[in-house]
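Here's the structure, in structure tokens; my notes come after.
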Amino acid sequence: MNLQFDTLIFDLDGTLSDPKPGVVNSMNYALTSFGYPPRKESEIAQHIGPPLEKIISLLTDNTDEKHIDELIAKYRERYFEIGYTENSLYPEIRPMLEMLKAEKHRMGICTSKHKTIAERIVQRFKIDIFFEFVDGPTRKASKKSQLKKLLEAKIITKQSMMIGDRAVDLVAARSNSLASAGVLWGYGNQIELSKEKPKFLFKTPIELAQNFIEG
Numbered sequence: 003m004n005l006q007f008d009t010l011i012f013d014l015d016g017t018l019s020d021p022k023p024g025v026v027n028s029m030n031y032a033l034t035s036f037g038y039p040p041r042k043e044s045e046i047a048q049h050i051g052p053p054l055e056k057i058i059s060l061l062t063d064n065t066d067e068k069h070i071d072e073l074i075a076k077y078r079e080r081y082f083e084i085g086y087t088e089n090s091l092y093p094e095i096r097p098m099l100e101m102l103k104a105e106k107h108r109m110g111i112c113t114s115k116h117k118t119i120a121e122r123i124v125q126r127f128k129i130d131i132f133f134e135f136v137d138g139p140t141r142k143a144s145k146k147s148q149l150k151k152l153l154e155a156k157i158i159t160k161q162s163m164m165i166g167d168r169a170v171d172l173v174a175a176r177s178n179s180l181a182s183a184g185v186l187w188g189y190g191n192q193i194e195l196s197k198e199k200p201k202f203l204f205k206t207p208i209e210l211a212q213n214f215i216e217g
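And the structure:
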């Protein structure tokens with residue numbers, strides 16, 4: 003059993019679950035409500051991972067905070083009602099979590115998703131039993147600031163590891179002097195993740211679990 007890290011902190015979107023249909027449908031609902039043309043699935047999917055305000059700013063080429071807040075509200079209008087159900091757990095995630103739990107690894111979630119909806123998603127998939135905490139902002143916050151608050155609240159320690167599929171997860175970890183691991187089954191690619199020099203880069207959830215059990 004490898005207990006080098008006292009807490010394994012997982013991102014949600016692109017790491018534990020695939021949110022693409024719900025994100026794409028809800029984003030186009032928001033965009034068209036404000037007169038923007040709908041975007042192709044691939045155009046939206048490439049931005050999944052960072053905070054919502056950043057994604058919307060990129061898709062609309064607009065930085066007006068009030069306007070972006072209005073678009074976020076419209077997006078959440080649909081996402082909170084139905085979008086979060088258009089979400090699927092990646093293959094091997096449940097076995098991975100079961101393997102890690104059996105070896106007594108402490109686990110949590112740190113996501114850019116609104117805390118309420120993140121909790122609904124993990125409960126819907128019945129994976130909430132594996133996690134000590136689910137952290138998501140109720141107001142605008144960066145992943146870096148979320149991890150900082152978890153450290154300040156002593157929910158995690160510097161011996162924790164952040165695990166995610168995008169560079170933003172790895173950068174946030176490094177900014178807080180935490181180790182990180184990248185996963186290649188989500189929305190980031192090997193080039194993006196390797197640039198951030200994570201301690202590990204995993205191709206599958208089972209490979210991840212075996213590393214922390216046998217490493």
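The numbers in the working numbering rise by one with no breaks, and the one at position 137 of the sequence shown is 139. Even glycine gets a Cβ: it sits at the ideal position worked out from N, Cα and C.
Whole-Å CB distance - residue i paired with residue j, under 8 Å assumed
i	j	result
Thr113	Asp15	7 Å
Gln125	Asp137	That belief does not hold up - the Cβ atoms of Gln125 and Asp137 are roughly 15 Å apart, past 8 Å.
Ile57	His69	Rounded, the Cβ-Cβ distance is 14 Å, inconsistent with contact.
Phe204	Leu186	7 Å
Ile119	Phe82	6 Å
Ile11	Ile165	7 Å
Lys146	Ser177	5 Å
Phe132	Lys103	5 Å
Lys117	Glu55	Incorrect: roughly 16 Å between the Cβ atoms, too far for contact.
Beta-ladder partner(s) of residue i, from DSSP
i	result
Ser59	Looking at the DSSP assignment, Ser59 forms no beta bridge with any residue, so it has no partner.
Ala183	Ile165 and Phe202
Phe12	Ile111 and Ile165
Asp20	Ser90
Neighbourhood of residue i by C-beta distance below 7 Å, restricted to the same chain and skipping five residues each side
i	result
Lys115	Leu14, Asp15 and Gly138
Phe7	Gln161, Ser162, Met163 and Ala181
Thr206	Glu94 and Trp187
Contacts around residue i, its chain only, beta-carbon distance under 8 Å, and the 5 residues preceding and following it disregarded
i	result
Ser19	Asn89, Ser90, Leu91, Tyr92, Ile95, Ile123 and Phe127
Lys201	Met163, Ala181, Ser182 and Ala183
Gln212	Met101
Leu60	His49
Val25	Asp15, Ile46, Ala47, Ile50, Tyr81 and Gly85
Thr159	Asp8, Thr9 and Leu153
Nonlocal neighbours in the same chain, by C-beta distance under 6 Å from residue i, ignoring five residues either side
i	result
Ile31	Looking at the sequence provided, one finds Tyr at residue 31 rather than Ile. These residues qualify, in order along the chain: Arg80.
Pro52	Val170
Ser28	Tyr77, Arg80, Tyr81 and Gly85
Pro21	Asp15 and Asn89
Inter-stretch contact at 8 Å, needing at least 3 Cβ pairs: the stretch 71-86 / the stretch 22-42: yes
Quick test of the definition: if touching needs 3 or more C-beta pairs under 8 Å, does the stretch 44-64 touch the stretch 103-110? no
Considering only residues of the stretch 97-165, which uninterrupted beta strand (DSSP E) runs meet the minimum length of 3 residues and lie entirely inside it, listed in chain order? 109-112 and 135-137
When you compare the stretch 195-204 with the stretch 162-176, are there three or more beta-carbon pairs, one atom per stretch, that lie closer than 8 Å? yes
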